[in-house]
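Input: a single structure, listed below in structure tokens.
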Amino acid sequence: KVTRQLVEDLLKFKRLDGVEAVLGALAEAAFKDGRQQAQLAGELGRLGIPVLVIWGAEDKILPASHAANAKGARTEVIEGAGHMVQMEAAARVNALLKEHLARA
């Protein structure tokens, strides 16, 4: 559940000295000219280990349709959750992680 305190905590982190510059550098490296530079989803099957991808069905930043590109991985799309699925559906995400780790 996204609370006012969560939003305040995230904003507090972004206000720390140097954070804005680091986030800008990461964004420029990963999304040069506004386009994603690396497509890693197709590489998951080559890792040689079990991979779990968890996606929020309502993700407006990276649509859940992208989960289909995670070849070689087990994908779980959680209904009613968005981009912050680990916070919006924490109990479900934790259950999936426990199950995945027990199989590994």
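Residue numbering for the sequence shown follows the working numbering, starting at 14 and increasing by one per position. No residue lacks a Cβ here, since even glycine has one placed at the ideal position from N, Cα and C.
Where V133 sits in the DSSP three-state scheme
With the chain covering 14 to 117 only, the question about residue 133 has no answer from this structure.
Could you tell me which uninterrupted alpha helix (DSSP H) segments, each at least 4 residues in length, are contained entirely in the segment 47-109, listed from first to last along the chain? Restricting attention to alpha helix (DSSP H) runs no shorter than 4 residues, the segment 47-109 encloses them at 98-101, ordered along the chain.
Practice problem: Quick one: residues in its chain with C-beta nearer than 6 Å to the C-beta of A54, no 5 flanking neighbours on either side, listed in chain order? | Solution: N82, A83
**Prompt:** When DSSP labels each residue in this structure, what does D30 get in the three-state scheme?
**Reply:** coil
| field | C-beta contact flag for A102 and V90 at 8 Å | value | In this structure, A102 lies away from V90, with their beta-carbon atoms at least 8 Å apart.
*Whole angstroms is fine: what's the gap from L19's alpha carbon to R28's?*
14 Å
C-beta neighbour in chain C for G58, strict 8 Å = This model lacks chain C altogether; it includes just one protein chain.
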